[in-house]
Amino acid sequence: MNHEPVPGVPPLQQDDYKLKDTSPQLGERLATTYDLVEQTYHLYVRVVKAKDLPVGSDPYVEVKLGNYRGRTRHFEKRPNPEWNQVFAFSKDRVQSSTLEVYVKDKEMFGRDDYIGKVVFDLNEIPTRVPPDSPLAAQWYRLTDRRGQGEIMVAVWMGTQADEAFPEAWHSDASSAHGEGVFNVRSKVYVSPKLWYLRVNVIEAQDVISNDRSRVPDVSVKAQVGNQTLRTKISSVRTMNPLWNEDFVFVAAEPFEEHLVLTVEDRVHPSRDEVLGALSLPLTMFEKRLDHRPVHSRWFNLEKYGLGETRFSSRLHIRVCLEGGYHVLDESTLYISDQRPTAKQLWKQPCGVLEVGILGAEGLLPMKMHDGRGSTDAYCVAKYGQKWVRTRTFLDTLNPKWNEQYTWEVYDPCTVITLGVFDNCHLGAEKSDTGRDSRIGKVRIRISTLETHRIYTHSYPLLVLHPSGVKKMGELQLAVRFTTLSLANMVYIYAHPLLPKMHYLNPLTVNQVETLRYQAMNIVAARLGRAEPPLRKEVVEYMLDVDSHMWSMRRSKANFFRIMSLLSGLFSVSRWFNNVREWKNPITTVLVHILFLILLWYPELILPTICLYMFLIGLWNYRFRARHPPHMDPKLSWAEAVHPDELDEEFDTFPTSRPPDVIRMRYDRIRSIAGRIQTVVGDLATQGERIGSLLSWRDPRATSLFVVFCLCLAVVLYVTPVRVVALGGGLYMLRHPKFRSKLPSVPGNFFKRLPAQTDSLL
1 MNHEPVPGVP PLQQDDYKLK DTSPQLGERL ATTYDLVEQT YHLYVRVVKA
51 KDLPVGSDPY VEVKLGNYRG RTRHFEKRPN PEWNQVFAFS KDRVQSSTLE
101 VYVKDKEMFG RDDYIGKVVF DLNEIPTRVP PDSPLAAQWY RLTDRRGQGE
151 IMVAVWMGTQ ADEAFPEAWH SDASSAHGEG VFNVRSKVYV SPKLWYLRVN
201 VIEAQDVISN DRSRVPDVSV KAQVGNQTLR TKISSVRTMN PLWNEDFVFV
251 AAEPFEEHLV LTVEDRVHPS RDEVLGALSL PLTMFEKRLD HRPVHSRWFN
301 LEKYGLGETR FSSRLHIRVC LEGGYHVLDE STLYISDQRP TAKQLWKQPC
351 GVLEVGILGA EGLLPMKMHD GRGSTDAYCV AKYGQKWVRT RTFLDTLNPK
401 WNEQYTWEVY DPCTVITLGV FDNCHLGAEK SDTGRDSRIG KVRIRISTLE
451 THRIYTHSYP LLVLHPSGVK KMGELQLAVR FTTLSLANMV YIYAHPLLPK
501 MHYLNPLTVN QVETLRYQAM NIVAARLGRA EPPLRKEVVE YMLDVDSHMW
551 SMRRSKANFF RIMSLLSGLF SVSRWFNNVR EWKNPITTVL VHILFLILLW
601 YPELILPTIC LYMFLIGLWN YRFRARHPPH MDPKLSWAEA VHPDELDEEF
651 DTFPTSRPPD VIRMRYDRIR SIAGRIQTVV GDLATQGERI GSLLSWRDPR
701 ATSLFVVFCL CLAVVLYVTP VRVVALGGGL YMLRHPKFRS KLPSVPGNFF
751 KRLPAQTDSL L
């Protein structure tokens with residue numbers, strides 16, 4: 001889509017918002033599957049163990065290559081320690097011809113002394129490329145002034161495709177320390193398996209209030225983890241209340257929470273008394289794959305209060321884990337997975353998505369370090385249940401990750417999301433904030449990719465700030481989508497987006513939004529426990545947690561999207577009006593000829609429409625998009641947005657702004673709502689006028705319409721259809737000389753019909 005220049009925005013800045021083609025030197029497909037990234041070589045050093053070290057020493061290993069030093073952890077009083085740790089040194093930064101491996105004693109830390117060392121000549125280091133077998137470690141005798149002990153080491157030159165790459169200590173992250181060492185590593189995560197837990201609270205028996213003089217007003221509170229729902233108070237005050245209400249919760253494997261049901265008595269509008277409770281592990285419930293009935297069960301309640309009873313109250317419930325639904329944890333607009341929870345219901349994958357995360361360019365400084373701006377960037381990609389995180393490049397505005405990942409695709413009408421973040425958990429020195437800062441996000445819809453084509457583009461990283469839209473840098477990607485079966489692809493396009501249970505027993509809109517929020521919290525909590533953790537702010541940004549919040553900017557964007565769709569209808573209407581007005585006599589004559597042909601051969605109408613659509617499709621193929629769509633600030637109304645509207649969008653919920661600002665915004669919304677109210681009222685008026693044609697609300701108008709319908713029925717019965725169509729078409733296309741400028745008779749009649757506006761206050 002071609003956009004006009006935005007007023008007030010320099011042309012260079014508008015160009016910066018566009019997608020750019022790149023030409024990276026991608027790896028060749030030799031003995032590696034890393035063909036969507038630039039191959040980078042690293043010197044790997046695997047320190048396995050040592051033996052026969054001096055008794056009483058606290059040994060650790062220091063690997064030194066030029067100015068880079070990597071250290072293992074130390075062991076106290078152990079002459080035969082085992083480390084099994086890998087160090088990786090980027091070949092591009094190697095400034096030495098020798099590699100030195102020192103075995104040191106912690107007691108000697110700070111002194112220029114060591115137990116022993118081994119020196120390797122880099123010219124003699126072998127090269128390994130997977131799938132070659134791992135290089136076997138060998139024993140080397142330590143050389144020093146005492147000459148005691150041996151160390152087992154393996155040294156080789158390899159690429160980022162090496163199995164040791166993700167867990168290795170990297171020389172370009174040498175400034176990280178403490179827990180920060182683990183927070184810079186690359187990692188693959190898997191979202192927890194989510195289930196919908198359906199709880200049907202049917203009835204209770206023998207519910208007795210703590211106050212024996214009154215019949216209880218009973219309700220049931222159901223709780224799973226942090227999720228709480230409550231039934232209505234029984235409409236009939238009785239000891240055997242009936243509810244028959246359905247609740248739906250989100251639960252994740254492994255099931256750690258219990259279903260807690262509490263029967264409560266409303267003794268005061270602000271106070272409930274617990275009459276009994278029930279705690280059930282989720283593992284005891286049946287897993288349902290379809291909509292077949294589930295058997296209900298009675299459970300005895302644990303009694304609360306001082307009153308003693310000869311019998312126990314009981315609760316009648318029906319509970320199951322729904323495996324036929326897909327538990328939504330992301331916005332349905334950017335959904336990346338549509339499979340049901342139960343794995344036995346999954347279909348075969350239809351393709352493979354490969355993404356090479358090459359690097360980023362021109363990132364803005366995100367924090368201050370040593371008196372200057374710095375950025376410690378890493379990239380996160382999310383598709384389906386699989387999350388990936390690249391390693392963190394420290395203190396650079398142009399990181400080069402060159403990491404490649406693969407996903408199975410079960411439905412092409414899904415979206416992969418990639419986000420770039422600034423790592424703020426690298427140790428005490430750089431931990432300025434407790435949250436990783438967002439740099440930008442990219443979405444790619446799989447269905448917009450051509451099969452087997454490699455897309456290499458630089459995507460602008462755009463973030464909306466309270467001050468306006470800002471470009472934070474560019475993310476360079478290489479993407480390829482490969483289909484496995486054309487027949488399977490056709491099958492997918494003919495079937496519903498979501499599993500069948502979403503249509504056989506659908507959830508309400510409010511349920512979907514609430515359950516999505518709960519599912520997102522569960523996913524964030526589980527991924528936050530990984531090592532390194534994928535933090536909550538990262539998960540929320542990737543899952544678009546605030547996509548449902550009110551925004552004046554989004555409202556304008558959606559309104560103009562609708563107007564853009566309707567513009568086609570308006571264009572057709574203007575064209576037809578020009579034909580009727582004989583603005584171009586040749587076009588009008590051709591329309592007359594086409595109309596007569598279709599009237600004489602009505603069987604050609606549908607084939608003509610289909611052929612016309614086919615020809616339009618072929619014509620538009622020349623102008624098809626050559627690259628995936630990307631975030632458009634103009635379409636999002638992010639370039640010309642008012643500062644106060646942005647401030648409102650970034651406001652908390654509930655609001656934290658002063659009363660005068662809230663009053664101004666409230667008045668603004670009232671004015672907008674007033675215009676919407678007028679439009680809705682006009683639509684209602686037209687519909688009510690149609691209904692009043694036969695309602696005898698206006699006796700004269702209904703009489704005229706009924707008589708007209710009778711006459712028209714007689715005329716249409718005795719007149720051939722082609723003659724009626726011919727007369728109507730020629731009347732519509734008549735020359736302006738034979739047309740009055742006054743409104744038509746049907747229009748005048750319709751506007752005189754009554755509506756219910758007279759009854760409004």
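Mapping of the sequence shown onto full-length UniProt numbering: position 243 corresponds to residue 243, and the numbering continues sequentially without gaps.
Beta carbons: idealized from backbone N, C-alpha and C, even for Gly.
#1: Go ahead and label Ala-684 buried or exposed: buried means 16 or more other beta carbons lie within 10 angstroms of its beta carbon, across all protein chains shown.
#2: If contact is defined by three or more beta carbon pairs under 8 Å, each pair taking one atom from either stretch, is the segment 184–195 in contact with the segment 520–540?
#3: Just verifying my parser: in three-state terms, what is the DSSP assignment at Leu-694?
#4: Hey, how far is the Cα of Ala-50 from the Cα of Asn-84?
#5: Assuming Leu-276 and Ser-313 make a contact with CB atoms under 8 Å, what is their CB distance in whole Å?
#6: Counting pairs of Cβ atoms below 8 Å between the segment 123–141 and the segment 152–168, do you hit three or more?
#7: What residue from Phe-75, Pro-79, Gly-66 and Leu-569 has the CA that sits closest to Gln-95's CA?
#8: With distance defined between alpha-carbon atoms, name the residue in Tyr-503, Leu-229, Leu-760 and Leu-599 nearest to Gly-324.
#9: What separation, rounded to the nearest whole angstrom, lies between the Cα atoms of Arg-128 and Phe-165?
#10: Measuring CA to CA, which of His-369, His-42 and Thr-22 is closest to Thr-396?
#11: Which term fits Ala-31, buried or exposed, when burial requires 16 or more other beta carbons within 10 angstroms of its beta carbon?
#12: Closest by CA to Arg-288, which one among Arg-198, Asn-558 and Tyr-717?
#13: If we count Cβ pairs, one from each stretch, closer than 8 Å, do we get three or more for the segment 368–387 versus the segment 395–409?
#14: Taking Asn-488 as the reference, give the member of Lys-500, Thr-341, Pro-349 and Gln-160 with the closest Cα.
#15: Spatial neighbours of Glu-474 within its chain, please: C-beta separation below 8 Å, excluding the five flanking residues on both sides.
#16: Quick one: give me the first and last residue of the beta strand (DSSP E) that Trp-195 is part of.
#17: Would you call the CB atoms of Ile-202 and Ile-317 closer than 8 Å?
#18: Quick check on DSSP: helix, strand or coil for His-369?
#19: Quick check for students: name the residue ranges of the beta strand (DSSP E) that lie wholly in the UniProt domain "C2" (176–299), counting only runs of 3 or more.
#20: Exposed or buried, Tyr-455, counting other C-beta atoms within 10 Å across all chains shown (16 or more means buried)?
#21: Between the Cα of Lys-441 and the Cα atoms of Asp-52, Ala-161 and Ile-416, which residue gives the shortest distance?
#22: In chain order, which alpha helix (DSSP H) runs of at least 4 residues are fully inside the segment 677–721?
#23: Where does Asn-84 sit, in a helix, a strand or coil, going by DSSP?
#24: For Gly-728, tell me which candidate among Glu-354, His-592 and His-42 has the shortest Cα-Cα distance.
#25: What did DSSP end up calling Gln-404 once you bin it into helix, strand or coil?
#26: Can you find the residues in the same chain that come closer than 7 Å, C-beta to C-beta, to Arg-141, ignoring five residues on each side of it along the sequence?
#27: To the nearest angstrom, report how far apart residue 798 and Glu-38 are at their CA atoms.
#28: Tell me, which residues are paired with Glu-62 by DSSP?
#29: Can you tell me whether Ser-171 is buried or exposed? The criterion is at least 16 other CB atoms within 10 Å of its CB, across all chains shown.
#30: Please state whether DSSP places Gly-468 in a helix, a strand or coil.
#31: Report the rounded CA-to-CA distance for Arg-372 versus Pro-365, giving the unit in angstroms.
#32: Taking only the alpha-carbon atoms, compute the straight-line gap between Glu-107 and Val-118 and give it to the nearest angstrom.
#33: CB Leu-280 to CB His-295, shorter than 8 Å?
#34: Per the contact definition of three or more C-beta pairs closer than 8 Å, is the segment 254–268 in contact with the segment 216–223?
#35: What residue does the alpha helix (DSSP H) around Gln-511 start on, and which one ends it?
#36: Report yes or no: do three or more beta-carbon pairs, one from the segment 461–471 and one from the segment 565–584, lie closer than 8 Å?
Put simply:
#1: For the purposes of this step, residue 684 is taken as the residue at position 684 of the sequence shown. With fewer than 16 other Cβ atoms within 10 Å, it is exposed.
#2: yes
#3: In the sequence shown, counting from the first residue as 1, residue 694 sits at position 694. Coil, per DSSP.
#4: In the sequence shown, counting from the first residue as 1, residue 50 sits at position 50. In the sequence shown, counting from the first residue as 1, residue 84 sits at position 84. Cα to Cα, the separation comes out at about 10 Å.
#5: Counted from its first residue, the sequence shown places residue 276 at position 276. Counted from its first residue, the sequence shown places residue 313 at position 313. Checking the sequence, you will find Gly at residue 276 rather than Leu. Sure, about 5 Å apart at Cβ, within 8 Å.
#6: yes
#7: The residue given as residue 95 occupies position 95 in the sequence shown. Nearest of Phe-75, Pro-79, Gly-66 and Leu-569 to Gln-95, Cα basis: Gly-66.
#8: Sequence index remark: in the sequence shown, residue 324 carries index 324 (1-based). Among Tyr-503, Leu-229, Leu-760 and Leu-599, the Cα nearest to that of Gly-324 is on Tyr-503.
#9: On the sequence shown, position 128 is the one that residue 128 refers to. On the sequence shown, position 165 is the one that residue 165 refers to. Going by the C-alpha atoms only, they are around 13 Å apart.
#10: As a first step, residue 396 is located in the sequence shown; it is residue number 396 there, counting from the start. It is His-369.
#11: Here residue 31 corresponds to residue number 31 of the sequence shown, with the count starting at 1. Residue confidence for Ala-31 is low, a pLDDT of 44 falling below 50, so the modelled location carries little weight; the figure read from the coordinates is stated next. It is exposed - the Cβ of Ala-31 has fewer than 16 other Cβ atoms within 10 Å.
#12: If you number the sequence shown from 1, residue 288 lands on position 288. Of the listed residues, the one whose Cα sits closest to Arg-288 is Arg-198.
#13: yes
#14: In the sequence shown, the residue the question calls residue 488 occupies position 488. Measuring from the Cα of Asn-488, the nearest candidate turns out to be Pro-349.
#15: Here residue 474 corresponds to residue number 474 of the sequence shown, with the count starting at 1. Around Glu-474: Lys-20, Ala-360, Glu-361, Gly-362, Ser-458, Tyr-459, Pro-460 and Leu-461.
#16: If you number the sequence shown from 1, residue 195 lands on position 195. Segment 194–205, the beta strand (DSSP E) holding Trp-195.
#17: On the sequence shown, position 202 is the one that residue 202 refers to. On the sequence shown, position 317 is the one that residue 317 refers to. Yes. Within cutoff.
#18: Counting from 1 along the sequence shown, the entry for residue 369 is found at position 369. Three-state DSSP puts His-369 in a strand.
#19: 187–190, 194–205, 218–224, 227–230, 242–252, 258–268, 271–281 and 286–288
#20: Translated into the one-based positions of the sequence shown, residue 455 becomes position 455. Tyr-455 is buried by the Cβ-count criterion.
#21: The sequence position of residue 441 within the sequence shown is 441, counting from 1. Per the Cα distances, Ile-416.
#22: 699–718
#23: Within the sequence shown, numbered from 1, the residue matching residue 84 stands at position 84. In this structure, Asn-84 counts as strand in the three-state DSSP scheme.
#24: Numbered from its first residue, the sequence shown carries residue 728 at position 728. Checked all of Glu-354, His-592 and His-42; the closest Cα to Gly-728 is His-592.
#25: Locating residue 404 in the sequence shown gives position 404, counting from the first residue. Of the three classes helix, strand and coil, the one that applies to Gln-404 here is strand, per DSSP.
#26: The count along the sequence shown starts at 1 and reaches residue 141 at position 141. The answer, listed in chain order, is Glu-150.
#27: Outside the modelled stretch of the chain, which goes from 1 to 761, sits residue 798, for which no answer is possible.
#28: Here residue 62 refers to the residue found at position 62 of the sequence shown. According to DSSP, which records beta bridges pairwise, Glu-62 is partnered with Arg-71 and Tyr-102.
#29: The residue given as residue 171 occupies position 171 in the sequence shown. So Ser-171 counts as buried.
#30: For the purposes of this step, residue 468 is identified with residue 468 of the sequence shown, where counting begins at 1. Residue state, collapsed to three classes: strand.
#31: Here residue 372 refers to the residue found at position 372 of the sequence shown. Here residue 365 refers to the residue found at position 365 of the sequence shown. C-alpha separation (whole angstroms): 9 Å.
#32: The sequence position of residue 107 within the sequence shown is 107, counting from 1. The sequence position of residue 118 within the sequence shown is 118, counting from 1. Between Glu-107 and Val-118, the C-alpha separation is close to 20 Å.
#33: Locating residue 280 in the sequence shown gives position 280, where the first residue counts as 1. Locating residue 295 in the sequence shown gives position 295, where the first residue counts as 1. Not closer than 8 Å, so no.
#34: yes
#35: Indexing the sequence shown from 1 puts residue 511 at position 511. Where Gln-511 is concerned, the enclosing alpha helix (DSSP H) stretches over 509–527.
#36: no
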